[in-house]
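Below is one structure; the comments refer to it alone.
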Amino acid sequence: MIMVTGANGQLASLTLQELAGRRVPALGGTRSPADGQRRLDFDDPTSLDLTGVTTLVLVSAGYAEDDQVITRHRAALDAAVRDGVSHVVYTSLTGDGDHLGFVLAHRATEQLIKASGLGWTVLRNGLYAELFGALLTWTADGVESAFGDGALAAVARADLAAVAAVVASNPTAHAGKTYDLVGEPITAVGIAESLGVAHRTIGLGEYRARLLADDTLLPFQPPMLASIATSVRHGFLSTTSPDLAQLLGRPLTDPLTVATDTAAAMRPDAS
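Under the numbering used here, the first residue of the sequence shown is numbered 125, with each subsequent residue one higher.
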């Protein structure tokens, strides 16, 4: 049986939908389970019941400080070893992401997986096209960002979910492999052009000051977001790879369209 963790999250829920569409039995694990799901709370080791699971799709439990994320992942892997899981598929971060402020927990988890004795596949996911579009700020004159004219090899979340389903459905064919799942490079300027508005570049210092002044952000988030901005701006996240299209067996979802649609939905006057 396949289990997908973080079942109520966007990537995991899409992965479960993909598996269902392929008629592959799968179970969702989450801290707040609905009918047909299993309670799985990485912060509560007593809840980590992986009995009957052969393939674990470990969706990164990010959005926390590194020590907390790594502790969560270690607990899940310990449970996988204890309960006889054969293979773990981990949603990591693209190789270009080594410049990002939140990469450490991903690379540490990859090391834990490889040392666990479990069969494994690492999916090094690129940054979402949805995220890129959401990080543009609307102004009276158009949109602005700290991305400059830098490009991001963005990828639609749905494509990453589809690949996770492909790999989980036949894990032995992907054992011991690391895939770099990135899309075609797009820019903030290109998104603005698709929206039919102007794009203004702001400095990284101004962007960081805005992030630090935003009391809705958790303490680890301003440096995380600033690292994305400077990495895009200075050309460190634009590398492409054939892995995504080869695994999908179809053309990629257009990341520019996805990013543009996301930005358009956030326009203050959007209905």
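Ideal Cβ placement from N, Cα and C applies to all residues, glycine included.
Just so we're clear, the structure is a prediction, and the values are computed from it rather than from any experiment.
Nearest by alpha-carbon distance to T325: which of L335, V313, E317 and A389 is it? Here the question's residue 325 lines up with position 201 in the sequence shown. Comparing Cα positions, the closest option is V313.
Can you name, in chain order, every residue of its own chain whose Cβ lies under 6 Å from the Cβ of P396, other than the five neighbours on each side? Nothing can be reported for residue 396: it is not among the residues displayed for the chain, which extend from 125 to 395.
Going by DSSP, name the residue or residues bridged to E268. Here residue 268 refers to the residue found at position 144 of the sequence shown. Note: E268 sits in a beta bridge opposite T261 and R324.
From the DSSP output, which residues share a beta bridge with G243? Looking up residue 243 in the sequence shown gives position 119. Note: G243 sits in a beta bridge opposite H211.
Looking at C-beta atoms only, is the number of pairs between the region 162-180 and the region 266-286 that lie closer than 8 Å three or more? no
Quick one: is Y187 buried, meaning 16 or more other Cβ sit within 10 Å of its Cβ, or exposed? For the purposes of this step, residue 187 is taken as residue 63 along the sequence shown, with counting starting at 1. Counting Cβ neighbours within 10 Å, Y187 comes out exposed, since fewer than 16 surround it.
Through-space distance from I310 to G208, alpha-carbon basis: For this step, residue 208 is matched to residue 84 along the sequence shown. For this step, residue 310 is matched to residue 186 along the sequence shown. The alpha-carbon atoms of G208 and I310 are separated by roughly 43 Å.
I'd like to confirm the pairing. Which residues does DSSP put opposite Y303 in its beta bridges? Your numbering for residue 303 matches position 179 in the sequence shown. L247.
Taking its Cβ as the centre, do 16 or more other Cβ atoms sit within 10 Å of E142, making it buried, or is it exposed? Residue mapping note: residue 142 aligns to position 18 of the sequence shown, counting from 1. So E142 ends up on the buried side.
Alpha carbons only, please: which of S269, F271 and T218 is nearest the one belonging to L251? One-based indexing of the sequence shown puts residue 251 at position 127. Among S269, F271 and T218, the Cα nearest to that of L251 belongs to T218.
Am I right that T386 and G257 are in contact with their C-beta atoms under 8 Å? What's the rounded C-beta distance? One-based indexing of the sequence shown puts residue 386 at position 262. One-based indexing of the sequence shown puts residue 257 at position 133. Their Cβ separation, rounded to whole angstroms, is 3 Å, which keeps T386 and G257 in contact under 8 Å.
In whole angstroms, what separates the C-alpha of T261 from that of D220? As a working mapping, residue 261 is identified with position 137 in the sequence shown. As a working mapping, residue 220 is identified with position 96 in the sequence shown. Rounded to the nearest angstrom, the two C-alpha atoms are 25 Å apart.
According to DSSP, is T154 part of a helix, a strand, or is it coil? The count along the sequence shown starts at 1 and reaches residue 154 at position 30. Note: T154 maps to strand in three-state DSSP.
Is it the case that the Cβ atoms of A285 and T139 are separated by a distance below 8 Å? Looking up residue 285 in the sequence shown gives position 161. Looking up residue 139 in the sequence shown gives position 15. Cβ atoms of A285 and T139: closer than 8 Å.
Please return the same chain residues whose Cβ sits closer than 6 Å to the Cβ of V246, not counting the five positions on each side in sequence. Here residue 246 refers to the residue found at position 122 of the sequence shown. The answer, listed in chain order, is Y214, S216, E234 and T302.
Near G225, which residues of its chain fall below 6 Å by C-beta distance, leaving aside the five closest residues on each side in sequence? In the sequence shown, the residue the question calls residue 225 occupies position 101. Closer than 6 Å at the Cβ level, and outside the excluded window around G225, lie P347, M348 and S351.
With a cut-off of 8 Å on the beta carbons, I'd call S365 and D265 a contact; round off their distance for me. Numbered from 1 along the sequence shown, position 241 holds the residue referred to as residue 365. Numbered from 1 along the sequence shown, position 141 holds the residue referred to as residue 265. Incorrect: roughly 36 Å between the Cβ atoms, too far for contact.
Are the beta-carbon atoms belonging to H211 and A299 less than 8 Å from one another? As a working mapping, residue 211 is identified with position 87 in the sequence shown. As a working mapping, residue 299 is identified with position 175 in the sequence shown. Against a cut-off of 8 Å, the Cβ pair of A299 and H211 comes out as a contact.
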